[in-house]
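Shown next, in structure tokens, is the structure this report addresses.
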Amino acid sequence: QSSIIVFAVVDNSVSGYRNQAKGPLGTSVTTSQTALTSSALTPSRFGFRGREDLGGGLGASFWLEAGVNTNDGTGAGPDGLVQFNRRSTVSIDDGDLGELRLGRDYTPTYWNDSLFDPFGVNGVGTSLIATASGQAPPGSFKSGWSNAQYSRASNSIGYHLPELGGFYGQVMYAFNEKITYDPGGTTPPGVAAIAANPALAATPDNARAGRYVGARGGYRSGPVDVALSYGESTVGSNYYVGSTTTIKIWNVAGSYNFGIAKVLGEYSNNKMDTSLATNAFNPFGVTRPEFDGILIGVVAPLGQGDLRASYSAVRYKHVNMNTFGLNPDPKADKFAIGYVYNFSKRTAVYATFAYLSNKDGAGLTIGGPNYYTQAIAGVAPVPDKSYGYDLGLRLSF
Amino acid sequence: QSSIIVFAVVDNSVSGYRNQAKGPLGTSVTTSQTALTSSALTPSRFGFRGREDLGGGLGASFWLEAGVNTNDGTGAGPDGLVQFNRRSTVSIDDGDLGELRLGRDYTPTYWNDSLFDPFGVNGVGTSLIATASGQAPPGSFKSGWSNAQYSRASNSIGYHLPELGGFYGQVMYAFNEKITYDPGGTTPPGVAAIAANPALAATPDNARAGRYVGARGGYRSGPVDVALSYGESTVGSNYYVGSTTTIKIWNVAGSYNFGIAKVLGEYSNNKMDTSLATNAFNPFGVTRPEFDGILIGVVAPLGQGDLRASYSAVRYKHVNMNTFGLNPDPKADKFAIGYVYNFSKRTAVYATFAYLSNKDGAGLTIGGPNYYTQAIAGVAPVPDKSYGYDLGLRLSF
Amino acid sequence: QSSIIVFAVVDNSVSGYRNQAKGPLGTSVTTSQTALTSSALTPSRFGFRGREDLGGGLGASFWLEAGVNTNDGTGAGPDGLVQFNRRSTVSIDDGDLGELRLGRDYTPTYWNDSLFDPFGVNGVGTSLIATASGQAPPGSFKSGWSNAQYSRASNSIGYHLPELGGFYGQVMYAFNEKITYDPGGTTPPGVAAIAANPALAATPDNARAGRYVGARGGYRSGPVDVALSYGESTVGSNYYVGSTTTIKIWNVAGSYNFGIAKVLGEYSNNKMDTSLATNAFNPFGVTRPEFDGILIGVVAPLGQGDLRASYSAVRYKHVNMNTFGLNPDPKADKFAIGYVYNFSKRTAVYATFAYLSNKDGAGLTIGGPNYYTQAIAGVAPVPDKSYGYDLGLRLSF
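Written as structure tokens, this is what we have:
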């Protein structure tokens, strides 16, 4: 009676983290944790999907997918909520015209970070590009920034090209659903209120936040796969100041399968651009932080599984006032190596180990507890090294 | 192994709203929004249901149905929670005796509003009767009031008649699950506490809120379908004052299918009745607000779809002190028109447009942002007109 | 395409509770409630599970199970959240080696309380051992204490023996996922902060809370089934004081099926042990409260159903300073009787009645509202008797 497909992934692992900060006088302060985590190989989830064939190459489909923290049964949405946060879409597709998709979906710019990372941006092996891009909610521009539309955007319209002899592509627009006031002076807090209390003008309304616009195009044939993407996420705004803060991402990635191993690579540039931020008082552009990220990875079949390894790095720019080279911008490097043993297509066990090194004030971690940065004898420890491992079992249905 | 039916609806649309208030000196202030919304044709959901045939006409069944905001993947429960808020019931049914149903279910009084509205109380076309009845949580008696048991009631026992030659009917009782204190003087805050601080007596305990009792009966045969329902929702109470606030709804609705079109109509009366509210100081009964609502609609097959249109109106009573006709009671009128194109039984695209006009202080909207009512030059703008559209795609599995 | 099994239970009942406290001068104060409740025979839920046969006796499986309050459609997780709070696991199993299971699962110590209670610790018939063990979050050691890992533990690793000729067994370890600080003096609030404000040292960090370690072993053959279990739950800790609060449970239970009836019995000891709590100022050990619990039950086939009855009791120790027998420790006794009529394996109706009597300050209830304990004429009423019934319908798919 029902042709709905029910699907689920449960992936739990024993994971350990050790985050080391440099304290005063050559000491170090470490925070460490051993935990049962989920989603270190493949994100745990359940969902429903279905497609109706409407004839003549036309079809319609839906996809509802909810993330689950299967280590404790809570949802992967905010505050432990089970929500269809991974994907919630309805589509109409045509073999010749492509697919129109409405709802919450992955952003085009995310795919290069995800698909060309040997670890698929999961677990301790996650590429530094994704870590710094701020998949996690809070963050400074030194430790990954906040970008709610980094991996997915709600309220989106997407268009996907049909199969075009190896070429593929997609565009996405997500509504910020801002409320427009006419006359504009009634936009809260309103000109009258601001005249009475000028400080109110500085309060961001963030009405334009939530907007995303981006595109991705690529070519896939035989051993080769390359793709380019660009996207802009609006993350903050202020009507009266007239400012808009946008995170702009462009990246290019590719892979080549040599048979004995697939080699992957990516370059990504992420920039946080606040309009009106550049002026006479901001000659070095320090309020337009950005970073370049690179990844080089390899996936090599080995026995009944895959050996995976990657080197990823980020180099921040315009974060510090690097006067005469005395205060260089932060940077970080990461190595990850792991092995996945496949009992079958569905069932796998895996082990991953990763090491991360911060320099010049970067504060990225592999996971686990925050670096200890409370002042000791008046000196705040500085984030230094991060170690982590995952040892897990995954079932995918 | 499992005979559970899994079902889902995903319905997303691009929707726009424009709500216009009359400002001072002939000006107007509008708030407008373009958004990706869900559930504008059919409420987005997922669920599980099953029925066991126990033989001899006897059966048992269950139904769990959760609303989903498929534009962003959050749940349609309070605070974005995915909950089985649409229906959560277990039943035992018999061909001769009817069905006994326990749990959270639709109220009898809701069915006439829903089934005889060409738009099924979904999207911008929703009948004004439903809007004013306060499907949405907060509200004043001018802009729809709050009635948590308007469409559904938790903790209910329902009885549905078996098939009786065209006649159908149901009754429902929902427990408020109030705590009874014996002796009554211990009911919080308690007589001793009130003696010390008489103001405490005025604090409503709302212990009797949540109760619903109602019934519906109708007749359906060939082209005709008519039904009558009555119900009472307790929405507030105070043990020491002895007051109970009840929303009483009665409505009658019918449809006749002429073949080229089905014509639908409804009359509904909604009254908010607070016991003890009528006294010497309340000669005009202004604390017993009520409204009459009417709907006239049409659904006409056209091509591979349906043209749908409706006119609905509400007329408030006992809201203003209408002394010598100087301060008439609020009223509102709404027109909606739309077309649904059915690719198949499951897949449809649709477009709906609606226009709403408030008079004499009514503040109903089609959706989207609130009217702007902050004072401008000392004069608060008055809600006036509301416009809205939906343009969407729905899949039902 | 999917071999996932979807399963669900919906169990709703009309239930009543009457909780009577002894007031001053021979009076009594009762709180009572009639409600629609869920899960009184079998906990309402939905879930997904699947197993892949990997050949050679090897297999892998997952299990996601969420509790639902089917009376109102909310989730059975905290704050009405739908979460996979009942079970969320991934396993690898082998016919010879047993099963390794990761995630959120039942604790070994819970099984004896649950499996040897004629009412399966559901509804008003629930064994007093489970009530006092603090299945519900808050509680004092007189009315059941708080033990978040009583029935289930998150972040756990479990091992289950394979089938061994009637012998069965399991062990479980659950991570507290505490953050370790090195040097230890940096553990919040930190030695420097404590030196400045010594009161901070007393603030519990509870970093070690959440840990569970336990085991269970038993033998089942023909009419006989006996099992023994022991487990420790860490429920609180303080790094600077050096204290750890652990609830230690050991129990032994058995059943014998005489054919005309199955007789069940259990003895359980629950102890709340705070390290550092015994010292010269605590000669009577009053801060190491414990209780002994016993259960005797019977399940007798009768017609197309089962008659179920139980007597359960708890005797607290080290709660009061029982000097010369003047202030004896609290105790409580409970009787429950019920009948389940099975229409089929899936569909059942049931009725249960229970009576509970508290003595010497115990404050356990069968359910429903709290005892009234606000002072009347300067004297706080004392919890006395509790009565309750369930009358329900259950479907299990």
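Residue numbers (the working numbering), protein chains in the order written: chain A, 10 to 406; chain B, 10 to 406; chain C, 10 to 406.
Where a beta carbon is used, it is the ideal one built from N, C-alpha and C, also for glycine.
Model, not experiment: these values are computed from the prediction.
According to DSSP, is residue i part of a helix, a strand, or is it coil?
i: C/G223; result: strand
i: C/N329; result: coil
i: B/V133; result: helix
i: A/S47; result: strand
i: C/Q200; result: In the sequence as displayed, the identity of residue 200 of chain C is Val instead of Gln. C/V200: helix per DSSP, three-state reduction.
i: B/I256; result: strand
i: A/A205; result: helix
i: C/N121; result: helix
i: A/T140; result: helix
i: B/T376; result: Before going further, note that residue 376 of chain B is Gly rather than Thr in the sequence given. Residue state, collapsed to three classes: coil.
i: B/G82; result: coil
i: C/A17; result: strand
i: C/P310; result: strand
i: B/A389; result: coil
i: B/G193; result: helix
In whole angstroms, give me the CA-to-CA distance for residue i and residue j.
i: A/R324; j: A/S277; result: 11 Å
i: A/A75; j: A/T196; result: 36 Å
i: B/Y350; j: B/F406; result: 17 Å
i: B/F16; j: B/W72; result: 11 Å
i: C/E108; j: C/I166; result: 10 Å
i: B/P310; j: B/P232; result: 15 Å
i: C/P207; j: C/M281; result: 27 Å
i: A/K368; j: C/A157; result: 42 Å
i: A/H169; j: B/H327; result: 56 Å
i: C/S242; j: A/A49; result: 27 Å
i: B/V38; j: A/I188; result: 13 Å
i: B/N336; j: B/N329; result: 6 Å
i: C/L137; j: C/A322; result: 6 Å
i: A/F344; j: A/A139; result: 14 Å
i: B/A341; j: B/S319; result: 14 Å
i: A/P198; j: A/Y190; result: 11 Å
i: A/A360; j: A/R317; result: 10 Å
i: A/A183; j: B/V250; result: 52 Å
i: A/E61; j: B/V23; result: 22 Å
i: C/A357; j: C/L404; result: 7 Å
Buried or exposed for residue i, going by 16 or more other Cβ atoms inside 10 Å?
i: A/S230; result: exposed
i: C/P339; result: buried
i: A/Q179; result: buried
i: B/A111; result: Reading off the sequence shown, one finds Leu at residue 111 of chain B, where the question assumed Ala. Buried, by the Cβ-count rule.
i: A/T36; result: exposed
i: B/S12; result: exposed
i: B/D88; result: exposed
i: A/V388; result: exposed
i: A/A363; result: buried
Got a sec? Which residues, its chain only, sit under 6 Å from residue i by beta carbon, not counting five neighbours each side?
i: C/K394; result: Q29, S366
i: B/G194; result: V200
i: B/P298; result: F150, M281, H327, V328
By alpha-carbon positions, which one of the options ends up nearest to residue i?
i: C/L106; options: C/E172, C/F300, C/A157; result: C/E172
i: C/A42; options: C/A318, C/K343, C/T374; result: The residue you asked about is not Ala; residue 42 of chain C is Gln in the sequence shown. With distances taken between Cα atoms, C/Q42 lies closest to C/T374.
i: B/V272; options: B/R110, B/V235, B/R220, B/Y364; result: B/V235
i: A/G227; options: A/A183, A/P117, A/G312; result: A/P117
i: C/N164; options: C/S97, C/I303, C/G64; result: C/S97
i: A/T83; options: A/V19, A/W259, A/G59; result: A/V19
Report all residues from its chain with a CB closer than 7 Å to the CB of residue i; omit the five preceding and five following residues, and keep chain order.
i: A/N21; result: L45, S47, T79, N80, G401, L402
Taking 8 Å as the limit between beta carbons, can you name the residues of its chain near residue i, skipping five residues before and five after?
i: B/D103; result: G66, L67, G68, P171
i: B/A202; result: L209
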